[in-house]
Amino acid sequence: MMTQGLRIWKMIMMYLLVSKFWTPYSLTSAGVDMAMMVWITVKVKDGNLDQVIELADEPHGNAFTASQKGCERLERSISHENPNHILLTELWSSKEDWDVYFASQQKLRDENGWNARFLPLLEEDGVQITFSEMDKSL
């Protein structure tokens, strides 16, 4: 049986593989002032929401993300339909800035033990990430 950490690691590796070899059409190359919206859904196991929020409020949680080069906005909300689902909405200057952040946060949070405390609090498919380009001039 695969552990939750291994499943999430596999999801991250798949994301990195896809992002390296797949280059979608980008309006940025057409001269439009674009940004990258990142929508992250975090599915928390029953009874663990308070612990997850506490971890997110630690210096290596959302504050770390918001302080990174290219992060223009980070918002956290809790689903009205399911209070065990947290939605992080992030606005990044570019996908490249997010990729640099994602690699650095993974290393830092593994080294300082933050991921070891955070990941067991999530459901098996506990993190889903979606990217969308946004025209900043609108």
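FYI, in numbering that gives the first Met the number 0 the residues of the sequence shown are 0 to 137.
Heads up, the beta-carbon is just placed ideally off N, CA and C, and yes, glycines get one too.
In this text the structure is predicted, and so the values were computed from the model without any measurement.
**OP:** With a 10 Å radius around its C-beta and 16 neighbouring C-beta atoms as the bar for buried, classify lysine 135 as buried or exposed.
**Re:** By the 16-neighbour rule on beta-carbons within 10 angstroms, lysine 135 is exposed.
The stretch 90-102 contacting the stretch 44-61, beta-carbon criterion three pairs below 8 Å: no
With DSSP as the reference, identify every bridge partner of glutamate 53, one or two as the case may be. DSSP, once it has assigned bridges, lists no residue as partnering glutamate 53.
Practice prompt. Could you say which of Asp32, Ile77, Thr64 lies nearest to serine 103 if we only look at CA atoms?
Written response: Thr64
Report task. Per DSSP, which residues does threonine 129 bridge with? Please list them. Result -> BP columns for threonine 129 point to Trp38.
Could you spell out the range, first to last residue, of the alpha helix (DSSP H) harbouring leucine 137?
-> First-last for leucine 137: undefined, no H or E at that position.
Quiz item: Can you give, in chain order, each stretch of the beta strand (DSSP E) that sits fully within the stretch 65-96 and has at least 3 residues?
Solution: 70-77, 84-91
Query raised in the report: In chain order, what residues of the same chain have a beta carbon less than 6 Å from the beta carbon of alanine 55, not counting five sequence neighbours either side?
Result: Asn61, listed in sequence order.
| request: Evaluate asparagine 114 with the Cβ neighbour count: other Cβ atoms within 10 Å of its Cβ, from every protein chain shown; 16 or more gives buried, anything less gives exposed. | output: buried
Grab the span of the alpha helix (DSSP H) containing asparagine 114 for me, first residue to last. Per DSSP, asparagine 114 belongs to the alpha helix (DSSP H) from 113-117.
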